[in-house]
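Shown next, in structure tokens, is the structure this report addresses.
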Amino acid sequence: MWDVLDGRFLTAEALARAAVVVAVEVLLLGTSFLNICVIFTTADLYDVIGCYLISLSVADLLAALFIVPLSLYSTLDPNWRFMGDNSLVCKGSAYLQIALFCSTVYTFAWICIDRYSAMMKPSRYADQSLTRCKCWIVFSWLTSLLLCCPIVVAQMQVVFLEEAQLCVLDWSATSAYSMTLLVLVFLPTIVTVFNTGYKIIRAMRNPDQSLFTVQCE
């Protein structure tokens, strides 16, 4: 899988690209590991929002451990190309990328719902226990992992994108699956983010009216 790097490919441009990838790797590893450690070891931070932040940090950490190193090696060895289109390495990389992205999108939606409940329905916010938060996080991760399984088990086209040094799903050849992800992942999240964000901003602009609404509830 890993061949000895050919010195002819180590040009100034390749090294510059590799330096950028290394910087991204260090940033993802450092920030995600630091966030996880700080939240776990600080009792005041280990709350509902803290759990959601841990979920986001875990996604970044997995990307730094399994995706970025492959991109770095591909930058230094142009002939490797993730072992070719539709290879197991290429499909596995694309699967993990999309699964982590879907999990992150779901987590942002839960954060918006949590902040909306805290501001607009404080009397009910006590129901948002830490256990319930963890259940939503597990649900988001399992849903993301299962939704992306067809990338690996089905005959879906995965291609190497040289500009990004990553393997990506050929969306033009998988229109039905793309629409499924749009309906099940992105559309609900977009509606949730805009709806909760709009109501929070409206409440901040009209605090008297929002206070009356909260008291009625």
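When we follow our numbering, the leftmost residue of the sequence shown carries the number 43, and every step to the right adds one. Ideal Cβ placement from N, Cα and C applies to all residues, glycine included. Just so it is clear, the structure is predicted and the values come from calculations on it, not from any experiment.
- If you look at Val-200, you'll find it in the beta strand (DSSP E) that goes 200-203.
- Per DSSP, Leu-52 is not a residue of any alpha helix (DSSP H), being assigned neither H nor E.
- Leu-224 is classed as exposed because its beta carbon has fewer than 16 other beta carbons within 10 Å across all chains shown.
- Partner residues in the beta bridge of Val-210, as assigned by DSSP, are Val-201.
- No beta strand (DSSP E) of 3 residues or more sits fully in the stretch 50-98.
- Cβ neighbours of Tyr-167 within its own chain (closer than 7 angstroms, five residues either side excluded): Ser-159 and Ala-160.
- The beta carbons of Phe-202 and Phe-108 sit no closer together than 8 angstroms.
- Linking Ser-220 to Thr-234 through their CA atoms gives a straight-line distance of about 20 angstroms.
- In the three-state DSSP reduction, Pro-111 falls in the helix class (H, G or I).
- Counting other Cβ atoms within 10 Å of its Cβ, Thr-216 reaches 16 or more and is therefore classed as buried.
- Between the stretch 134-144 and the stretch 75-85, the count of Cβ pairs shorter than 8 angstroms is below three; the stretches do not touch.
- Judged by their CB atoms, Val-210 and Tyr-137 are not nearer to each other than the 8 angstroms cut-off.
- The beta carbon of Lys-133 lies closer than 7 angstroms to those of Ile-193, Val-194 and Val-200 in the same chain, with the five residues before and after it left out.
- Going by beta carbons, Val-63 and Val-110 fall inside the 8 angstroms limit.
- Ser-113 sits away from Gln-197, with the two beta carbons spaced by 8 angstroms or more.
- By the Cβ neighbour-count rule, Ile-232 is exposed, with fewer than 16 other Cβ atoms within 10 Å of its own.
- Taking the Cα positions, Leu-189 is about 18 angstroms away from Ser-214.
- Comparing C-alpha distances from Gly-92 to each of Ser-135, Lys-163 and Leu-76 shows the shortest one belongs to Leu-76.
- Rounded to the nearest whole angstrom, the C-alpha separation of Leu-57 and Asp-127 is 24 angstroms.
- Where Leu-226 is concerned, there is no enclosing alpha helix (DSSP H), because DSSP gives it neither an H nor an E.
- Per the C-alpha coordinates, the member of Cys-175, Ser-165 and Ser-135 positioned closest to Cys-154 is Cys-175.
- Counting only the Cα atoms, Ile-78 lies some 15 angstroms from Val-68.
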